[in-house]
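Notes follow once the structure below has been shown.
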Amino acid sequence: MTNYQKRLQGELETEAKRLDWLYARMHYYQRQIEVARQKIEQMETCRVADKLVSLPLKGSSVRSSIDPDDRS
Numbered sequence: 003m004t005n006y007q008k009r010l011q012g013e014l015e016t017e018a019k020r021l022d023w024l025y026a027r028m029h030y031y032q033r034q035i036e037v038a039r040q041k042i043e044q045m046e047t048c049r050v051a052d053k054l055v056s057l058p059l060k061g062s063s064v065r066s067s068i069d070p071d072d073r074s
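For the sequence shown, position 18 (counting from the first letter as 1) is numbered 20 according to our numbering, and the numbering increases by one without interruption.
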């Protein structure tokens, strides 16, 4: 193998590693987007008395997130 071929082989391997990394990042971000969409969908379906109620925090309930004085 000539020096030129060795250099090209090295460049190809470097580019392949870079593409693998980019592909992995793309899948990571796609997963993050999917999780965010699921959270939005979950929030949209968590409605009480036609009002959007934020998802309960650990240890709290949906009832505690509703304003007791607002009886519309």
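Even for Gly, the Cβ is constructed at its ideal location relative to N, Cα and C. Just so you know, these numbers come straight off a predicted model, no measurement behind them.
Rounded separation between residue i and residue j - CA only
{"i": "Glu15", "j": "Leu21", "result": "10 Å"}
{"i": "Leu24", "j": "Glu43", "result": "28 Å"}
{"i": "Arg27", "j": "Lys19", "result": "12 Å"}
{"i": "Arg39", "j": "Arg9", "result": "45 Å"}
{"i": "Glu36", "j": "Gly12", "result": "36 Å"}
{"i": "Glu46", "j": "Glu17", "result": "43 Å"}
{"i": "Arg33", "j": "Cys48", "result": "22 Å"}
Delimiting residues of the alpha helix (DSSP H) encompassing residue i
{"i": "Thr47", "result": "Asn5 to Thr47"}
Cutoff 8 Å; reference residue i; Cβ partners in own chain excluding five residues on either side
{"i": "Ser62", "result": "Unreliable placement is indicated for Ser62, whose pLDDT of 48 sits below 50; the coordinate value is still reported in the next sentence. So no residue of the chain qualifies."}
Residue i, buried or exposed, once every other Cβ within 10 Å from all chains shown has been counted against 16
{"i": "Ser74", "result": "Reliability of the predicted coordinates at Ser74 is poor, the pLDDT of 46 falling under 50, and the value obtained from them is presented with this limitation in mind. With fewer than 16 other Cβ atoms within 10 Å, it is exposed."}
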